[in-house]
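Chains as they are written, first to last, in my numbering: chain R, 2 to 349; chain A, 2 to 349.
Glycine residues also receive a C-beta, built at the ideal position from the N, C-alpha and C atoms.
2 protein chains.
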Amino acid sequence: MQTIKLKNKPYLLNGYSIVGPMEGKGPLKDYFDYILKDDTLKEKTFEKSERKLLQDIIVGAIDKANLKVSDIDFFFGGDLLNQIVSSSYTARELELPFIGLYSACATMAESIALASIFVDNGLANNVVAGTCTHFSSAERQYRFPLELGNQRPPTAQWTITGGGASVISNNPSNIRVVAVTFGRVVDFGIGDVNNMGAAMAPAACDTIREHMKNVGRSSSDYDLILTGDLGKLGSEILIDLMEREKFILGKNYSDCGCMMYDKTERVFMGGSGAGCSASVLNSYILKKLSAGEFKRVLLVSTGALMSTTTSQQGDTIPGIAHAVELEYVGNKPVNKSVTFAKGEKKDG
Amino acid sequence: MQTIKLKNKPYLLNGYSIVGPMEGKGPLKDYFDYILKDDTLKEKTFEKSERKLLQDIIVGAIDKANLKVSDIDFFFGGDLLNQIVSSSYTARELELPFIGLYSACATMAESIALASIFVDNGLANNVVAGTCTHFSSAERQYRFPLELGNQRPPTAQWTITGGGASVISNNPSNIRVVAVTFGRVVDFGIGDVNNMGAAMAPAACDTIREHMKNVGRSSSDYDLILTGDLGKLGSEILIDLMEREKFILGKNYSDCGCMMYDKTERVFMGGSGAGCSASVLNSYILKKLSAGEFKRVLLVSTGALMSTTTSQQGDTIPGIAHAVELEYVGNKPVNKSVTFAKGEKKDG
Chain R
2 MQTIKLKNKP YLLNGYSIVG PMEGKGPLKD YFDYILKDDT LKEKTFEKSE RKLLQDIIVG
62 AIDKANLKVS DIDFFFGGDL LNQIVSSSYT ARELELPFIG LYSACATMAE SIALASIFVD
122 NGLANNVVAG TCTHFSSAER QYRFPLELGN QRPPTAQWTI TGGGASVISN NPSNIRVVAV
182 TFGRVVDFGI GDVNNMGAAM APAACDTIRE HMKNVGRSSS DYDLILTGDL GKLGSEILID
242 LMEREKFILG KNYSDCGCMM YDKTERVFMG GSGAGCSASV LNSYILKKLS AGEFKRVLLV
302 STGALMSTTT SQQGDTIPGI AHAVELEYVG NKPVNKSVTF AKGEKKDG
Chain A
2 MQTIKLKNKP YLLNGYSIVG PMEGKGPLKD YFDYILKDDT LKEKTFEKSE RKLLQDIIVG
62 AIDKANLKVS DIDFFFGGDL LNQIVSSSYT ARELELPFIG LYSACATMAE SIALASIFVD
122 NGLANNVVAG TCTHFSSAER QYRFPLELGN QRPPTAQWTI TGGGASVISN NPSNIRVVAV
182 TFGRVVDFGI GDVNNMGAAM APAACDTIRE HMKNVGRSSS DYDLILTGDL GKLGSEILID
242 LMEREKFILG KNYSDCGCMM YDKTERVFMG GSGAGCSASV LNSYILKKLS AGEFKRVLLV
302 STGALMSTTT SQQGDTIPGI AHAVELEYVG NKPVNKSVTF AKGEKKDG
């Protein structure tokens with residue numbers, strides 16, 4: 002069965018999120034731990050900025066969980082850059098055993114799912130799972146050099162600068178990971194890389210349906226069902242697809258990509274990127290669950306598994322979605338006031 | 002602890018390997034399940050050939066284990082192409098829940114390690130773990146177009162065409178997975194992408210030392226300690242590094258990259274690629290362990306975690322190594338005669 006019900010329900014001990022200046026003006030601005038003023042993070046290339054961003058996020062999460070890097074048993078992560086270099090070079094700095102993952106923008110849920118399985122089965126006490134994206138590095142790797150000033154079609158999304166990391170642990174907090182579902186790869190034949198929401202929606206539908214069936218819940222059992230980065234069009238397609246299978250996604254459904262930006266920003270269908278669900282999980286969801294305002298949340302990170310090469314060779318875009326179910330248990334408050342991982346980040 | 006001792010010791014039920022024409026002339030030729038006559042596999046691009054190769058390998062392993070695709074709970078895999086597209090598109094064809102991984106050429110050990118953890122903890126009954134590489138797709142993604150006819154320096158290695166997959170299961174076989182170690186990322190400052198053996202050797206040393214310490218064994222307890230693709234120079238560096246730490250790697254140490262080619266082939270330091278340890282594990286090691294000729298083997302797949310972008314931006318090459326310890330248990334013979342997964346492969 003693709004859904005794994007966690008017998009000991011490990012804790013999401015704490016999480017940390019950083020976003021860029023543009024994301025920091027959006028509706029979730031009060032929930033993020035840190036908003037960058039300078040998205041270069043004083044690095045010479047955008048790829049190095051992304052790496053520094055992930056490093057700060059991981060260290061921030063460990064620190065906010067009141068742990069040291071040496072308390073962490075494994076680092077689970079991946080990112081959108083070729084050969085997941087942001088994660089690998091971050092793992093080098095942390096000197097932690099590293100389990101490198103890739104599910105495109107579904108990487109956050111994949112990381113948390115595997116991390117939770119390790120803690121649930123007594124293979125680790127504390128692990129960290131995280132990812133991030135940077136608009137400028139993604140743009141030049143997947144699309145065009147920024148200097149070219151290309152126009153975007155109306156179905157396009159905007160890769161966020163930002164990300165988040167969670168510490169999964171045996172130590173109690175208010176939030177437990179109760180079940181995870183690893184998705185199948187689904188392809189409905191969308192070939193347009195400027196319409197990724199449509200490409201990923203069928204995978205999200207498949208995973209949500211299987212997850213709910215396997216845990217025996219319906220959509221009304223959740224305070225929030227949150228997809229990763231389907232965007233406006235992709236979310237509408239998902240609602241339609243679910244309806245055909247007699248699953249009604251109501252007002253408790255939203256999408257991290259749709260929540261990220263203000264209506265005044267020209268981001269078309271909304272935010273995207275592995276950092277999108279990572280930052281929303283470790284800010285908004287974390288705080289709402291931790292305070293008991295949400296009792297049960299299903300996070301469904303969504304990924305588009307193409308590469309520039311497959312697109313150039315005429316392949317369609319396969320999608321994947323992994324799901325993580327979180328519940329409020331009200332053990333003890335976990336949110337200490339936001340601290341900065343490293344001194345130099347204050348001017349970030 | 003980065004080593005996980007598997008309490009139920011899941012079985013490596015069976016494995017399957019395919020290699021290209023050049024690899025099929027090497028010293029291991031009698032061990033591979035299938036040797037391609039045409040390394041394009043009748044596909045229009047090398048990337049599509051690689052994808053077809055992985056598909057045939059995965060289906061071959063499932064078939065050789067006397068299972069159907071529908072008996073498999075999860076597919077663990079990754080590959081060297083950007084965004085691990087060979088694995089993702091293979092997962093699309095198989096319609097299996099997919100856990101996408103990336104550790105460069107250490108991906109086989111990472112896949113088997115996670116797959117074994119799933120079965121060991123009762124999260125799955127049968128899972129498949131596999132990877133492959135294709136010389137021609139790797140060459141043009143990481144180095145130069147083949148048409149350029151570039152010369153290679155003497156420290157270079159040769160990405161193999163080939164790969165392998167293993168079915169990890171509760172069903173008994175002669176081979177058990179007893180312990181796995183997830184490596185740390187180690188970087189000794191090598192920046193030369195034509196000297197990957199030197200870049201990966203320190204990570205191999207770190208993982209082998211930690212694994213042996215954690216399971217309480219010394220190198221003489223193994224019939225074979227096998228690194229992934231350090232090549233001739235990297236292997237010599239590893240022997241030196243281990244010696245400094247008072248670990249003697251003797252005649253029971255070898256490297257898949259060194260075993261792959263005949264001395265007459267102009268492959269310089271030997272074979273490399275994620276498919277290198279994948280194909281050797283699922284041919285030579287599988288058969289020797291299965292027959293009881295080996296009682297205990299430590300497979301240490303090694304990966305270089307750079308990208309072309311990090312190299313261009315002046316970064317050094319971080320290495321990683323994951324280890325999997327296999328033992329002979331002599332339950333029952335598993336190797337049925339080699340079958341072909343699909344009719345069309347016979348003319349491959």
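Query                                                                                                                                                                                           : Result
Grouping DSSP H, G and I as helix and E and B as strand, with all else coil, what is R:ALA373?                                                                                                  : Residue 373 of chain R falls outside the range modelled here, since chain R spans only 2 to 349, and no answer is possible.
Determine whether the Cβ of A:VAL1 lies closer than 8 Å to any Cβ atom of chain R.                                                                                                              : With chain A running from 2 to 349 in the structure shown, residue 1 of chain A is simply not present.
How long is the line joining the alpha carbons of R:LEU54 and R:GLY163, rounded to whole angstroms?                                                                                             : 7 Å
Rounded to whole angstroms, what's the CA-CA distance from A:ARG185 to A:MET307? Just pull it up for me.                                                                                        : 15 Å
Give me the Cα-Cα distance between A:MET261 and A:SER112, rounded to the nearest whole angstrom.                                                                                                : 21 Å
Cβ of R:ILE321 less than 8 Å from any chain A Cβ?                                                                                                                                               : yes
Give me, in chain order, the residues of the same chain whose beta-carbon lies closer than 7 Å to that of A:GLU345; leave out the 5 immediate sequence neighbours on both sides.                : The pLDDT assigned to A:GLU345 is 34, lower than 50, so where the model puts this residue is not dependable; a value taken from the coordinates is nonetheless given after this. Nothing listed; no residue qualifies.
Curious, which full-length beta strand (DSSP E) runs of at least 3 residues does the stretch 201-241 of chain R contain?                                                                        : 225-228
If you draw a straight line from the C-alpha of A:THR4 to the C-alpha of A:ILE209, how long is it?                                                                                              : 10 Å
Answer yes if the stretch 28-41 of chain A comes into contact with the stretch 75-83 of chain A, meaning at least three C-beta pairs across the two stretches below 8 Å, and no otherwise.      : no
Considering only the alpha carbon of each residue, which of A:GLY123, A:LYS65, A:HIS135 lies closest to A:LEU147?                                                                               : A:HIS135
If I follow the unbroken alpha helix (DSSP H) through R:ARG297, where does it start and stop?                                                                                                   : Here R:ARG297 belongs to no alpha helix (DSSP H); instead the beta strand (DSSP E) covers 297-305.
Are any of the Cβ atoms in chain A nearer than 8 Å to that of R:PRO146?                                                                                                                         : no
Can you list the alpha helix (DSSP H) stretches of 4 or more residues lying completely in the stretch 130-197 of chain A, in chain order?                                                       : 136-143
Measure the CB-CB distance between A:ASN175 and A:TYR329 and report whether it falls below 8 Å.                                                                                                 : yes
R:ILE318 by DSSP, collapsed to three states: which one?                                                                                                                                         : coil
Give me whichever residues DSSP pairs with A:LEU75 in a beta bridge.                                                                                                                            : What sits at residue 75 of chain A in the sequence shown is Phe, not Leu. Paired residues: A:VAL128.
Do the stretch 279-293 of chain A and the stretch 167-183 of chain A meet, that is, are 3 or more Cβ pairs less than 8 Å apart?                                                                 : yes
Helix or strand or just coil, what does DSSP make of R:ASP377?                                                                                                                                  : In the structure as shown, chain R begins at 2 and stops at 349. Residue 377 of chain R is therefore absent and cannot be evaluated.
May I have the straight-line CA-CA distance separating A:ILE286 from A:TYR12, to the nearest angstrom?                                                                                          : 14 Å
Going by DSSP, what residue range makes up the alpha helix (DSSP H) through R:PHE47?                                                                                                            : 47-65
Exposed or buried, which one is A:SER221 when buried takes at least 16 other CB atoms within 10 Å?                                                                                              : exposed
Please go through the same chain and pick out, in chain order, the residues whose beta-carbon is closer than 7 Å to the beta-carbon of A:SER255, but skip the five residues on each side of it. : LEU225, LEU227
Just verifying my parser: in three-state terms, what is the DSSP assignment at A:GLY272?                                                                                                        : strand
Give the DSSP-derived three-state secondary structure of A:PHE99 in the structure shown.                                                                                                        : strand
If we ignore side chains and look at the alpha-carbon of each, how far apart do A:LEU82 and A:GLY272 end up?                                                                                    : 17 Å
If you check the beta carbons only, do A:LYS38 and A:PRO22 fall under 8 Å apart?                                                                                                                : yes
Any beta carbon from chain R within less than 8 Å of A:PHE33's own beta carbon?                                                                                                                 : no
Does DSSP put R:VAL281 in a helix, in a strand, or in coil?                                                                                                                                     : helix
Does the Cβ-Cβ distance between A:ASN9 and A:LEU68 come in under 8 Å?                                                                                                                           : no
Within the 8 Å Cβ cut-off, does A:ARG1 reach chain R?                                                                                                                                           : The requested residue 1 of chain A does not occur in the structure, where chain A is confined to residues 2 to 349.
Check whether chain C comes within 8 Å of R:ALA105, counting only Cβ atoms and requiring the distance to be less than that.                                                                     : No chain C appears in the structure shown, which is made up of the protein chains R and A.
Looking at the secondary structure, which residues open and close the alpha helix (DSSP H) in which A:GLY258 lies?                                                                              : 257-261
Mapping DSSP to helix, strand and coil, what is A:LEU13?                                                                                                                                        : strand
Where do the N-terminal and C-terminal ends of the alpha helix (DSSP H) with A:THR4 fall, by residue?                                                                                           : Segment 4-6 is the beta strand (DSSP E) holding A:THR4; no alpha helix (DSSP H) there.
Check the Cβ of R:SER170 against every Cβ in chain A and list those closer than 8 Å, keeping chain order.                                                                                       : Within 8 Å Cβ-Cβ: nothing; R:SER170 doesn't reach chain A, min ~16 Å.
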